[in-house]
Amino acid sequence: MGMKFSEKLKARQLALQKLKDILLFLENEICAMGKPLNKAFEDLVKGNYGGVWTPVFDRSGSILKEQSLDAGSAWKTALEEASATLPLVHDDIELLKDFGDLLGKSDREMQHAVLSMEKEKVSAMELKAKEAAETTGRLYRNLGALLGAAAVILLI
Amino acid sequence: MDKVHQNDDLSRIRNYMPDRIKRVVDRISPEIAPCLEELRINAGMPLVGVFSGFDRFIAEDGSFTSQPETAFYVDREEVEELFYRLCEHSIYAYQDDIARGFLTLKGGYRAGICGKVVYQGQNIKGLKDISSVCIRISRELKGCAEEIFPFIRAGRNDIYNTMVISPPRCGKTTILRDICRIISTGSEKADFAGLRTVIVDERSEIAACYRGVAQNDCGPRTDVLDGCRKSEGIEMVLRGMSPAVIVVDELGTRQDAESIRMAWNAGARIVATAHAYDIGDLRERPGFGFLIDKGGFERYIVLGIQNGIRWIRVTDTYGNQLYHNDQTFGMYDGVFRMHCHGHEVFGEAESQAACASEA
Numbered sequence: 001m002g003m004k005f006s007e008k009l010k011a012r013q014l015a016l017q018k019l020k021d022i023l024l025f026l027e028n029e030i031c032a033m034g035k036p037l038n039k040a041f042e043d044l045v046k047g048n049y050g051g052v053w054t055p056v057f058d059r060s061g062s063i064l065k066e067q068s069l070d071a072g073s074a075w076k077t078a079l080e081e082a083s084a085t086l087p088l089v090h091d092d093i094e095l096l097k098d099f100g101d102l103l104g105k106s107d108r109e110m111q112h113a114v115l116s117m118e119k120e121k122v123s124a125m126e127l128k129a130k131e132a133a134e135t136t137g138r139l140y141r142n143l144g145a146l147l148g149a150a151a152v153i154l155l156i
Numbered sequence: 157m158d159k160v161h162q163n164d165d166l167s168r169i170r171n172y173m174p175d176r177i178k179r180v181v182d183r184i185s186p187e188i189a190p191c192l193e194e195l196r197i198n199a200g201m202p203l204v205g206v207f208s209g210f211d212r213f214i215a216e217d218g219s220f221t222s223q224p225e226t227a228f229y230v231d232r233e234e235v236e237e238l239f240y241r242l243c244e245h246s247i248y249a250y251q252d253d254i255a256r257g258f259l260t261l262k263g264g265y266r267a268g269i270c271g272k273v274v275y276q277g278q279n280i281k282g283l284k285d286i287s288s289v290c291i292r293i294s295r296e297l298k299g300c301a302e303e304i305f306p307f308i309r310a311g312r313n314d315i316y317n318t319m320v321i322s323p324p325r326c327g328k329t330t331i332l333r334d335i336c337r338i339i340s341t342g343s344e345k346a347d348f349a350g351l352r353t354v355i356v357d358e359r360s361e362i363a364a365c366y367r368g369v370a371q372n373d374c375g376p377r378t379d380v381l382d383g384c385r386k387s388e389g390i391e392m393v394l395r396g397m398s399p400a401v402i403v404v405d406e407l408g409t410r411q412d413a414e415s416i417r418m419a420w421n422a423g424a425r426i427v428a429t430a431h432a433y434d435i436g437d438l439r440e441r442p443g444f445g446f447l448i449d450k451g452g453f454e455r456y457i458v459l460g461i462q463n464g465i466r467w468i469r470v471t472d473t474y475g476n477q478l479y480h481n482d483q484t485f486g487m488y489d490g491v492f493r494m495h496c497h498g499h500e501v502f503g504e505a506e507s508q509a510a511c512a513s514e515a
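Protein chains in written order, with our numbering: chain A, 1 to 156; chain B, 157 to 515.
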């Protein structure tokens, strides 16, 4: 059980790390290639670069393609829908919700700045997640091992 | 003109529209909709539909009126939303088009935009605070140049250098596109084999490329240099594509005229258009004289419109008329009556009643 909790914390850190890679991918697609958001998201999904984030970008891309919502609302909707399957805590989801708000609303130069800012934010989140995985994760692992040992002793 | 097929309608652009405007556009009579040439959407202003040679305000029920107080008014937020939708919520992807003042949409439509211009040094960087959008509904009328093509054919493997002249919105680009299609495809009827053609499509209007794919049929032997200035583009294609025919739209500057001379010197034929009322009007334009004189263009296709009726004339270098035709293609009878009964409100029922009473 302790191992499981510890893995969850590690998965959170890896998910945020993956998001950082995705932002780098998007920076290339948006700022260098000038692809529209729905196409950039589609290529991200098709190229299997999304990892745990695939459902979020897939859904955002579809919403944008249908032109039913703007980029900010499409991202929020997709994030909320996928939040149960993402290995993130509630605060992470809340912090990531405004990512789409400025996406697509300016020229390439500004998009570069928006994506850089987001990368910094995700880096900070990842750092916290890493610390949590190391400290709380170790605690869970040790606690799990201790409880396991106690249970064995009691059974003997 | 029975071969002319109109294969476009408002349904392709309705997805771009904000909900309220979409509802109004959906209510436009399906018989009148194919005659719409432009939709003009201005912040705080009535929605305007432009037909061949005249325009009307559009009311909330989709009827057309000349009284602005009964028209449907568009909000500023709606214009902004429309702009974002036209850009697929990705302004950066269209920033070069925005700086040129228009967006080419899927299906070959073009949206002109106005707002506050943002400069970077001497160059226009983009537009912000978008205040109006003019959606020009492109019409690919396949076959509209078939009747005139025999007059610009110079042999089984050759054509005359041809200039299409008309004032704005008379169908220059539509005729040019179909001429290009016939030149590239060939025509059994006209005993024409088909030639390698390159379009230098500075404003993305002829082929209307959307993400690199031509939205209009320009023929199988056609290459498209999209978004490139004519003077530079002609030089580029002469070097790299060995075209037999170069097609360009809207010659206007001295540099354009010089690049045409360069193409002729390289042995390429030119089919071009220019804004003008007649050949004399074009001759007076600085730098254009040598294009019109002997040794210049050999055929002129002059287009015009009067009382909603389009006419077309083909002449040679010496002004001899080779072909003349009055056409009414593209204008539904009810729309023509709407044009004539200027101050009445016309919906579908009214226009049908007008047709019946006239009959």
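Ideal placement from N, C-alpha and C gives every residue a C-beta, glycine not left out. The model shown is predicted, which means the values in this text are computed figures rather than measured ones.
Cβ-Cβ distance between residue i and residue j below 8 Å
| i | j | result |
| --- | --- | --- |
| LEU20/A | VAL122/A | Correcting the residue type first, residue 20/A is Lys in the shown sequence and not Leu. Contact: yes. |
| VAL180/B | PHE228/B | yes |
| LEU26/A | GLU126/A | no |
| GLY396/B | GLU358/B | no |
| ASP373/B | LYS298/B | yes |
| LEU203/B | ILE184/B | no |
| ILE339/B | GLY375/B | yes |
| ILE291/B | ALA310/B | no |
| GLY50/A | ILE22/A | yes |
| VAL470/B | ILE315/B | no |
| ALA265/B | ARG168/B | Residue identity differs from the one stated: residue 265/B is Tyr in this sequence, not Ala. Their beta carbons are under 8 Å apart, which means TYR265/B touches ARG168/B by this criterion. |
| THR330/B | VAL427/B | no |
| ILE321/B | ALA430/B | yes |
| ILE247/B | ASP107/A | yes |
| THR77/A | ILE63/A | yes |
Nearest to residue i (by Cα), restricted to the options the options
| i | options | result |
| --- | --- | --- |
| LYS97/A | MET33/A, GLU80/A and GLN111/A | GLU80/A |
| ALA11/A | LYS76/A, PRO87/A, CYS31/A and TYR49/A | PRO87/A |
| PRO323/B | ARG466/B, TYR433/B and TYR479/B | TYR433/B |
| GLU454/B | ILE435/B, ILE468/B and ARG441/B | ILE435/B |
| ARG477/B | ARG377/B, GLN223/B and PHE307/B | Checking the sequence shown, residue 477/B turns out to be Gln, not Arg. Among ARG377/B, GLN223/B and PHE307/B, the Cα nearest to that of GLN477/B is on PHE307/B. |
| ARG212/B | LEU195/B, ALA199/B and GLY200/B | LEU195/B |
| SER83/A | GLY47/A, VAL52/A and LEU14/A | VAL52/A |
| VAL230/B | GLN223/B, ILE362/B and ILE177/B | ILE177/B |
| ARG232/B | MET201/B, SER246/B and CYS336/B | MET201/B |
| ASP379/B | PHE210/B, ASN463/B and ALA370/B | ALA370/B |
| ILE362/B | ARG333/B, SER343/B and LEU381/B | ARG333/B |
| TRP467/B | ASP382/B, LEU438/B, ARG312/B and SER208/B | SER208/B |
Boundaries of the alpha helix (DSSP H) in which residue i is found, first to last residue
| i | result |
| --- | --- |
| THR330/B | 328-341 |
| ASN28/A | From DSSP, ASN28/A is part of no alpha helix (DSSP H); its letter is neither H nor E. |
| ILE184/B | Neither: ILE184/B is in no alpha helix (DSSP H) and is coded neither H nor E. |
| ASN421/B | 410-421 |
Cut-off 8 Å between Cβ atoms - residues of its own chain near residue i, not counting five sequence neighbours on either side
| i | result |
| --- | --- |
| LYS284/B | GLY271, LYS272 and VAL274 |
| ALA424/B | LEU394, PRO399, ALA400, VAL401 and ILE402 |
Residue i to residue j span [Cα, whole Å]
| i | j | result |
| --- | --- | --- |
| ARG170/B | GLY257/B | 21 Å |
| VAL235/B | PRO174/B | 8 Å |
| MET487/B | GLY327/B | Low per-residue confidence applies at MET487/B: pLDDT is 47, beneath 50, and the placement is therefore not dependable, though the value from the model is reported in the following sentence. Going from the Cα of MET487/B to the Cα of GLY327/B covers about 13 Å. |
| ALA151/A | ASP91/A | 35 Å |
| PHE446/B | ARG417/B | 9 Å |
| SER360/B | LYS18/A | 39 Å |
| PRO190/B | LEU103/A | 36 Å |
| ASP70/A | ALA349/B | 50 Å |
| ILE214/B | GLU193/B | 14 Å |
| ASP405/B | THR353/B | 14 Å |
| ASN279/B | GLU237/B | 26 Å |
| SER60/A | ASN38/A | 8 Å |
| LEU9/A | ARG138/A | 10 Å |
| ALA199/B | PRO224/B | 14 Å |
| ASP252/B | LEU259/B | 9 Å |
| THR135/A | LYS128/A | 11 Å |
| ALA346/B | GLU302/B | 9 Å |
Range covered by the beta strand (DSSP E) that runs through residue i
| i | result |
| --- | --- |
| VAL320/B | 318-322 |
| TRP467/B | 465-472 |
| LYS272/B | 266-276 |
| LEU259/B | 258-260 |
| HIS431/B | 425-431 |
| ARG395/B | Per DSSP, ARG395/B belongs to no beta strand (DSSP E); it is in the alpha helix (DSSP H), 386-396. |
| GLY436/B | It is not in any beta strand (DSSP E) - GLY436/B instead sits in the alpha helix (DSSP H) that spans 435-439. |
| ASP285/B | 279-292 |
| ARG455/B | 455-462 |
6 Å CB neighbourhood of residue i in its chain, flanking five on each side removed
| i | result |
| --- | --- |
| CYS243/B | TYR250 |
| ALA422/B | LEU394 |
| GLY443/B | ARG410 and ALA413 |
| GLU29/A | LYS35 and ALA40 |
| VAL206/B | GLU193 and GLU194 |
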